[in-house]
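Numbering (full-length UniProt numbering), first residue to last: 1 to 389.
All residues carry an ideal CB built from backbone N, CA and C; glycine is no exception.
Working notes, structure below.
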Ligand SMILES: *Cc1c(COP(=O)(O)O)cnc(C)c1O
């Protein structure tokens, strides 16, 4: 078979990712191969993936509408519950309107190519998510990478692009929160540069929504809701379900409803999904309890690991990398944590730069202090055993 060689090569080099299915819900404790593990690898920041109010809303909507939406949004797959969800999301993000897609990945596939084309340019942070990179490619606009969160580099490249006279529209795209280090984009400076050079602004806030800005995300956190043209959010991380959305001005959303290809050519999210997401936003707007608990747990885990002597990088969010450096040692460390009862995935080159291998921890609102204490104790044991601390 034409793929045999490629597969063998990956397997020989230990680069083929083996997937171990989780037996049951993806909560703070998971079961893999019949073994219980403290789960520090899910993006389920607020524990909403197993929320009982959302499960109930999902079941009720499924009974009313059925399990599927039946068509793409532009034929007759738009159910009233999709409209309700979009109104809810716009309110939540403090924008005029919002449009839902089947995933965050699809949002970037849809939105970038819907507005950018040949003759345009996109300034993109070098650590932006893969779906942004793919979205840029689909658009056929010139992609110009700037060094990670380097505002001098962004300014220089924005100036060059504008002064070259080669481009019509120029866009700047950044992740709101960078998922591998947990750092937050420098949005006030980005907005300032965008104003100076007349750039369209695009923030993919997959890891910021539900986490920053009391839940409303990075843009709200900086008070810049009316300065950012595109806010992308996912319904699959803090919201705990599946799907994504773009929030912005009414005109932009109207445009995406006729030009966002996954909206036109891929079936709408299920009614149960829409209902569960509406309930999630209700939960987030009623109280900051889960948000506060997430930060409390994040800070607790960070403090514990730091006191043990681990290098936890410069995260500004609950995302807690534990930077080991050497790739092989990182993988051994993750494996030994797993043996002892902690599920924390190793992340190595090419996902992160060479020599900065890490085990990434995603604490959530659903973890208890006991679980975190146990995880920290296991970190201590394995860290000493491998000579990391
Ligand atoms: C996870 C992620 C996505 C993809 O979101 P899904 O809803 O899982 O498809 C897009 N952008 C960023 C920055 C992400 O972290």
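Identified DSSP bridge partners for residue i
{"i": "residue 245", "result": "100 and 233"}
{"i": "residue 267", "result": "72"}
{"i": "residue 204", "result": "175 and 232"}
{"i": "residue 321", "result": "360"}
{"i": "residue 38", "result": "29 and 342"}
{"i": "residue 124", "result": "145 and 173"}
{"i": "residue 347", "result": "358"}
{"i": "residue 219", "result": "Paired residues: none, contrary to the question."}
{"i": "residue 184", "result": "177"}
Proximity test, residue i beta-carbon vs ligand 1 heavy atom, cut-off 7 Å
{"i": "residue 105", "result": "yes"}
{"i": "residue 179", "result": "yes"}
{"i": "residue 44", "result": "no"}
{"i": "residue 204", "result": "yes"}
{"i": "residue 260", "result": "no"}
{"i": "residue 175", "result": "yes"}
{"i": "residue 237", "result": "yes"}
{"i": "residue 51", "result": "no"}
{"i": "residue 26", "result": "no"}
{"i": "residue 207", "result": "yes"}
{"i": "residue 129", "result": "yes"}
{"i": "residue 108", "result": "yes"}
{"i": "residue 244", "result": "yes"}
{"i": "residue 234", "result": "yes"}
Contacts around residue i, its chain only, beta-carbon distance under 8 Å, and the 5 residues preceding and following it disregarded
{"i": "residue 273", "result": "58, 235, 241, 242 and 243"}
{"i": "residue 185", "result": "125, 149, 174, 175, 176, 177, 178, 203 and 218"}
{"i": "residue 201", "result": "171, 172, 190, 191, 194, 227, 228, 229 and 230"}
{"i": "residue 29", "result": "36, 37, 38, 39 and 371"}
{"i": "residue 345", "result": "41, 334, 359 and 360"}
{"i": "residue 31", "result": "22, 23, 24 and 37"}
{"i": "residue 132", "result": "108, 112, 124, 173, 175 and 204"}
{"i": "residue 224", "result": "187, 188 and 191"}
{"i": "residue 66", "result": "271"}
{"i": "residue 389", "result": "308, 309, 310, 380 and 383"}
{"i": "residue 151", "result": "186, 189, 190 and 193"}
{"i": "residue 43", "result": "207, 236, 237, 238 and 362"}
{"i": "residue 199", "result": "123, 158, 170, 171, 172 and 193"}
Beta-carbon proximity list for residue i, same chain, < 7 Å, skipping 5 on both sides
{"i": "residue 121", "result": "141, 142, 144, 161, 167 and 170"}
{"i": "residue 119", "result": "167 and 168"}
{"i": "residue 391", "result": "Because the chain spans 1 through 389 in this model, residue 391 falls outside it and cannot be assessed."}
{"i": "residue 277", "result": "85, 235, 239, 241 and 243"}
{"i": "residue 378", "result": "337, 340, 341 and 342"}
{"i": "residue 116", "result": "122, 139, 141, 169 and 171"}
{"i": "residue 72", "result": "264, 265, 266, 267 and 268"}
{"i": "residue 20", "result": "32 and 33"}
Residues of its chain near residue i, where Cβ-Cβ distance is below 6 Å and the 5 sequence neighbours each way are ignored
{"i": "residue 47", "result": "364, 365 and 366"}
{"i": "residue 260", "result": "110 and 114"}
{"i": "residue 245", "result": "89, 98, 100 and 233"}
{"i": "residue 34", "result": "none"}
{"i": "residue 375", "result": "38 and 342"}
{"i": "residue 135", "result": "108, 109 and 112"}
{"i": "residue 16", "result": "10"}
{"i": "residue 380", "result": "308"}
{"i": "residue 221", "result": "212 and 213"}
{"i": "residue 318", "result": "294, 298 and 363"}
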